[in-house]
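First the structure, in the form of structure tokens, and then the observations on it.
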Amino acid sequence: MKRVIMLGFAVLLVFAWIGPAPAAEYKASLKLASTQSMDHPYMVGAQKFADLIKERTNGRITVKLYPSNQLGKGEREMTEGIQQGAIDLLVTSTGPLGGFSPSINILDFPFLFKDFNHVDLVMDGPIGQKLLADFGKANIKALAFWENGFRNLTNAKGPVKKVEDGKGLKIRTMENKVHLAAWKTAGLNPTPMAWGEVFTALQQKVIDGQENPIAVFYSAKLWDAGQKHFSLTQHVYSPSPFLMSPKAFNAMPKEDQQIIMKTGLEMAKFQRKFNRDGEEAKLQDMTKQGVTVTRDVDKESFKKAMAPIYEQFKDQFSKAEIETIMNAK
Ligand code: EAX
């Protein structure tokens, strides 16, 4: 009996020895990417995330930041990098994500969310949790919902107050089938494009306009590419999943995985607030840069013009599913 116990101990010891490195010894350097520059709320959140991870792991884990499309010309390419393990962490809009995890497209419907409170309720509740978990099937670890913001239509031709004013405008959309369908239905002329190509396309007048949250427009200084008209259409909320490569995540000891998850979630709160608090000052500064900001947009006209797409996608997203989000309280 004694010998059996001794043998048991020996086996346990061997297993303990060859198991994953204890957190005290584990070291890693992680690459964090996005399409956005260091002053955009994505990268402000990312910088704080990097600082906290370093502090909380006593410098064992460092996070190196790759802003401004350094690791790929757009979000589709970089999401592939996450799947393959070439990129460890990514802040991305939902633009191309439906091609990886189809359920996420439900968030891309126009006029789904009333305001930021409504957004937080859904993102931080069971619906948000389920959408994050679904990424697992695509070999992507989704840590939290950071944010891009409510998107707005901008163009080089003239002020747009109601949907009719925008008819025929050639605009860039993200590589997203719901957005594309919404703009087509509304009578504009949308064309999908990776973010890294938008500035040049605007400059060369290949397109008349684009749509994005205030912070993206501001960080990219799109007025320098001729975008002089900004309409506060707020036609769709743009959430930004904070993604991690399972390869990097699974290589970590449990304690470090927990630090990563906890800090990612904490930064979701911080980053969303930072984004929202900064919007008004950016709008005012844009005006000083010569941008005409149309605030009194007839949103109802956009909402009506885009409404038929809910019917168009009813086989993938039922009315009941959509209403659960719209009526969340
Ligand atoms: O995620 O491609 C886009 O328009 C996105 O909003 C932007 O890159 C931020």
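For the sequence shown, the numbering used here begins at 2 and goes up steadily by one.
Just so you know, even glycine gets a beta-carbon here, dropped at the ideal spot from N, CA and C.
Cβ neighbours of residue i in the same chain (closer than 7 Å, five flanking residues each side left out)
i, result
"Arg61", "Tyr27, Lys28"
"Gly75", "Thr36, Ala195, Trp196, Gly197"
"Asn276", "Pro42, Glu148, Gly150, Ala216"
"Leu53", "Thr264"
"Met79", "Ala34, Leu72, Gly73, Ile88, Leu91, Thr93"
"Leu170", "Asn156, Lys158, Leu189, Asn190, Asp209, Gly210"
"Asp257", "Ala24, Tyr27, Thr58, Ile62"
"Val199", "Arg173, Gln211"
Same chain only: Cβ atoms within 6 Å of residue i, ignoring 5 sequence neighbours per side
i, result
"Leu98", "Ile105"
"Met253", "none"
"Val120", "Phe114, Tyr238"
"Leu244", "Ile83, Leu91, Ile141, Ala143"
"Pro111", "Ala183, His236, Val237, Met307"
"Lys222", "none"
Residue i to residue j span [Cα, whole Å]
i, j, result
"Gly150", "Ser35", "15 Å"
"Ile323", "Val237", "14 Å"
"Leu66", "Trp224", "26 Å"
"Ile215", "Val294", "11 Å"
"Asp109", "Asn190", "18 Å"
"Phe303", "Val164", "5 Å"
"Arg57", "Asp89", "18 Å"
"Pro247", "Thr174", "29 Å"
"Asp297", "Leu233", "8 Å"
"Ile208", "Lys168", "14 Å"
"Lys263", "Ala329", "25 Å"
"Glu176", "Lys283", "26 Å"
"Ile107", "Arg152", "16 Å"
"Gln205", "Ala25", "54 Å"
"Glu267", "Ala134", "18 Å"
"Leu14", "Lys32", "Since pLDDT at Leu14 reaches only 49, below the 50 mark, its modelled position is unreliable, and no value is offered."
"Phe231", "Lys289", "13 Å"
"Pro23", "Gly265", "22 Å"
"Phe1", "Lys142", "The question about residue 1 has no answer here: the residues shown for the chain are numbered 2 through 330."
"Lys158", "Glu301", "22 Å"
"Lys315", "Ala308", "12 Å"
"Gln235", "Leu181", "16 Å"
"Asp116", "Gln84", "32 Å"
"Pro193", "Ser30", "34 Å"
"Ile172", "Glu212", "8 Å"
"Arg226", "Tyr219", "Reading the sequence as shown, one finds Ala at residue 226 and not Arg. Distance between the alpha carbons of Ala226 and Tyr219: 12 Å."
"Lys320", "Tyr311", "8 Å"
"Phe16", "Ser102", "Because the pLDDT at Phe16 is just 49, under 50, the model does not fix this residue reliably, and the value given afterwards should be weighed accordingly. Near 37 Å, if we compare the C-alpha coordinates of Ser102 and Phe16."
"Phe318", "Ser69", "33 Å"
"Gly126", "Ser38", "30 Å"
"Glu281", "Leu203", "25 Å"
"Phe136", "Asp278", "30 Å"
"Ala51", "Gln285", "31 Å"
"Gly86", "Arg77", "14 Å"
Enclosing beta strand (DSSP E) for residue i [first to last residue]
i, result
"Tyr67", "62-67"
"Asn213", "210-213"
"Lys171", "171-174"
"Ala25", "Unbroken run through Ala25: none, as it is neither H nor E."
Start and end residues, alpha helix (DSSP H) containing residue i
i, result
"Ala269", "255-289"
"Lys49", "42-57"
"Ile326", "320-327"
"Arg296", "Element bounds for Arg296: n/a, residue is neither H nor E."
"Thr201", "199-204"
"Thr80", "76-85"
"Gln235", "It is not in any alpha helix (DSSP H) - Gln235 instead sits in the beta strand (DSSP E) that spans 230-245."
Close-in-space but distant-in-sequence residues of the same chain around residue i (CB under 8 Å, 5 per side omitted)
i, result
"Lys55", "Ile62, Thr63, Val64"
"Ser241", "Tyr43, Val92, Thr93, Ser94, Thr95, Phe146, Trp147, Glu148, Asn149"
"Ala187", "Val164, Gly167, Phe303, Ala306, Met307"
"Lys178", "Gly99, Asn106"
"Leu122", "Ala329, Lys330"
message: So within the stretch 125-158, which uninterrupted alpha helix (DSSP H) runs reach at least 4 residues, ignoring any that extend past its ends?
response: The qualifying runs are 127-135.
task: Would you be able to state if there are at least three C-beta pairs under 8 Å between the stretch 259-271 and the stretch 45-58?
output: Touching, per the Cβ criterion.
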